[in-house]
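Below is one structure, written out as structure tokens; the observations come after it.
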Amino acid sequence: MELPTRYDFKNIEPKIIKFWESIAKVEKQKGKNYFIAIFAPPNITGSLHMGHALGYSAEDIILRLKRMQGYKIVWIPGTDHAGIATQNQVEKYLLKEKGLTRQQIGKEKFVQEVWNWKKRFGNIIIEQFKKLGIIPDWSRLRFTLDKNYIKEVEKSFYEYYKKGLVYRALRPVNYCFRCETSLSDLEVERKEVIGNLYYLRYPLKDNLNQYILVATSRPETILGDVALAVNPEDERYSQFIGKTAILPLIKRELPIIADKRVDPKLGTGVLKVTPAHSLIDFEIASRHNLPLIPVIDKNGKILDNVGIKKYAGLTVKEARLQILEDLKNEGLYEGVETLPQELPICYRCSQEIDIIPSKEWFLSMKNVLANLALKAVSKKLVKIIPTKYIKPYRLWLLNVRDWCISRKIWWGQTLPVYYCKKCGDDVYVVSLKTVRKRCPKCKNNSWERTDEVFDTWFSSAIWPFAILYSKKEKKWYPADLAVSAKDILHLWDTRMIFSGMFFKKKVPFKTLFINPTVLTKEGKRMSKSLGTGVDPLDLIEKYGADAVRFGLMWQIMKQQDVRFDEVHIENAQKFVTKIWNAVRFTLIKLKEMKPQSKLSSNDKAILNQLKRTIKKVNLYLEKFEFGLAARELYSFFWNKVCDVYLESCKGETKNSPQVLKYVIESSLKILHPFLPFITQELWFILGHKTALVNEKWPTL
């Protein structure tokens, strides 16, 4: 068969994608042993980005290699319901298309609108993933709101509760007024802004003419101050420890305490302790048995219990201006300093968040769960690659706070919690079934299930075993490999590890590869909103999926972040063309060449070089050194096969046609994980009817 002069990837790739779908099902694979990988479920609101393109291509390369080495591959795909992100997306859609807010249509109709939206748009990202050429078992596509999945989430919560690790408490939490929900610490991003640091005077009780100077960026929260704190080793304030200060405006007495959590270099070295509106202050207050006085409500307004009625009902910004004015009038305002500050913002809507007290459900992290996760890595039950991520993994676990796992949004998995209709949310029952017993307080049998839903990351933490629905599938635990991005190391990877250890007594995966982040050529983070993003779908349309995969892998060196340069995609496309033309030439020469009784020196040389290349590629991929493997493949095929061996086959030659065919076919096999489309098409053209991924990986 004679090949066309050019490789038409736009027509060939869709055909190959359909072919792979027909052979991806686990039951259709050969082999006795399984190699199991974790498919990180993308949000249903998302679209394919460069991080996806790099990470999933890298995982697919390993899995194609393993399948060619004789393993059955288990790679179950799925999508995440993405609670806050999806709710925000549908709210915008409703407002734009129908001019309605979720509050106007109510919860029941809004949730139905989300399901309708999911039906129309939720699987778009899956179709985009297919264009990358990855081969999970698409017949087993999961969703985190599948009935089977929800049962596992509820069961996990219930088990945690029975073991005393889940509790409900009034505690300060990160709160987004726009999304109207609490957030965990890891869902808060930081934005550098120019802000104000206000210097306020706190008089001493035994000498009102003497004061301690406090620096704060949030003067409105002084209404909830319960103490002043200094570092016990700060000699500037040692004489004040144990004395009493007077809270400006409110005139409440504040003990002056010592706590090592206070940073002497921050501000004036004196911390105003406002436990209702600061996570650090709450920790200090807990150690010193100090009360919690809420100041700001869930609408971002000042409560009416703060002692001065004129502040009640004001917004945070209005209260700040009024309080500063009143402090000036009382001579307790020292001044203001303008300096760079980190503004906490919601990771989904980018609005400024505040810290307010709220009754939420928490998962106790220290001791049991943190220790399980630490043990998993210290005992090398989980191997983290690159090893540089072991240190931040450990540090986070050693300093971890309890995890706020409840959310006040409408879209998500509802907690299996029932509150007494008469007594309110102070009386509750955690149950996997509808509650039948009487309330211990009012003796009525009137229960209502909560509207609270789980933090999306709580449900995704059990992904490795929650997606295994059938009895047969449940044997596919633990997995061998997970590939992830560094920005979700704590959000997802660490949580999967302690969840697996707690519920299954085994780690969820044996190896965790943290893939590099794709940055701009200048080293900046890619952002569509800032115009610095590159759409991989545009690159696939322009160069083909093979070129995108190979060009990205080429740039992974020494496990550092990738400074993306399109020139590598262009060069990869030239490499694809080179492979195509090499096989065109081979088909012509195989018709012309005569069988030889002996191997020529060229035959021997290329076979030895092939052997060395296979050995090096095996070694590099075992270490997840994709860039070195790509370079080795490129150098071998372009420089050794094309420039030397194929050149030696021109004209009258003593080279063996069997060796030529063997080298070309072996080359297609070792190139296949990186360049799956063109190698599969050429495999067909060479007369084979099988999937190349089902062929045996060349041995030494």
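When we follow this note's numbering, the leftmost residue of the sequence shown carries the number 74, and every step to the right adds one. Ideal Cβ placement from N, Cα and C applies to all residues, glycine included.
- Contact check for residue 348 and residue 365: beta-carbon distance about 5 Å, within the 8 Å limit, so the pair qualifies.
- In the three-state DSSP reduction, residue 227 falls in the helix class (H, G or I).
- Per the coordinates, the alpha-carbon of residue 498 lies some 16 Å from the alpha-carbon of residue 510.
- By the neighbour-count criterion, in which a residue is buried when 16 or more other Cβ atoms sit within 10 angstroms of its Cβ, residue 185 is exposed.
- Closest option to residue 505, judged by alpha-carbon separation, among 588, 231, 660: 231.
- For residue 652, there is no enclosing beta strand (DSSP E); the enclosing alpha helix (DSSP H) covers residues 639 to 665.
- Three or more beta-carbon pairs separated by less than 8 Å link the region 406 to 421 to the region 268 to 287, which places the two stretches in contact.
- Excluding sequence positions up to five before and after residue 93, its CB lies within less than 6 Å of the CB of 208, all in the same chain and listed in chain order.
- The C-beta of residue 524 has fewer than 16 other C-beta atoms within 10 Å across all chains shown, which makes the residue exposed.
- Residue pairing for residue 419: DSSP places it in a beta bridge opposite 261.
- When secondary structure is reduced to three states using DSSP, residue 450 falls in the helix class.
- For the pair residue 119 and residue 749, the CB atoms are not nearer than the 8 Å cut-off.
- Here residue 580 carries a coil assignment [DSSP, helix/strand/coil].
- Contact check between the region 380 to 393 and the region 276 to 293: three or more CB pairs, one atom from each, fall below 8 Å, which counts as touching.
- The Cβ neighbour count for residue 383, taken over all protein chains shown within 10 Å, is under 16; the residue is labelled exposed.
- Rounded to whole angstroms, the separation of the alpha carbons of residue 400 and residue 394 is 10 Å.
- The C-beta separation of residue 317 from residue 216 comes to about 58 Å, leaving the pair out of contact by the 8 Å criterion.
- In chain order, 650, 653 place their CB closer than 8 Å to the CB of residue 79, counting only its own chain and leaving out the 5 sequence neighbours on each side.
- The shortest CA-to-CA distance from residue 519 to any of 538, 528, 493, 543 is the one to 493.
- Counting along the chain, residue 162 sits inside the alpha helix (DSSP H) bounded by residues 156 to 171.
- Taking a 10 Å sphere around the C-beta of residue 126, we find 16 or more other C-beta atoms and assign the residue as buried.
- At a Cβ-Cβ threshold of 8 Å, residue 109 and residue 565 do not count as neighbours.
- DSSP, read as helix, strand or coil, puts residue 483 in coil.
- Beta-bridge partners of residue 335 (DSSP): none assigned.
- Straight through space, the alpha carbons of residue 614 and residue 637 are spaced by roughly 18 Å.
- In the structure shown, the three-state DSSP call for residue 715 is helix.
- When secondary structure is reduced to three states using DSSP, residue 210 falls in the coil class, being assigned neither helix nor strand.
- Using a Cβ distance threshold of 8 Å, residue 357 and residue 302 count as a contacting pair.
- Taking C-beta atoms as the reference points, residue 114 and residue 600 fail to come closer than 8 Å.
- Distance from the Cα of residue 368 is smallest, within the candidate group 360, 379, 463, for 379.
- Assigned with DSSP and collapsed to three states, residue 694 falls in helix.
- For the pair residue 244 and residue 766, the CB atoms are not nearer than the 8 Å cut-off.
- Taken atom to atom, the span from the alpha-carbon of residue 194 to that of residue 171 is near 17 Å.
- Secondary-structure assignment with DSSP links residue 689 through no beta bridge to anything.
- For residue 553, the three-state secondary structure derived from DSSP is strand.
- For residue 706, the uninterrupted alpha helix (DSSP H) segment begins and ends at 699 to 707.
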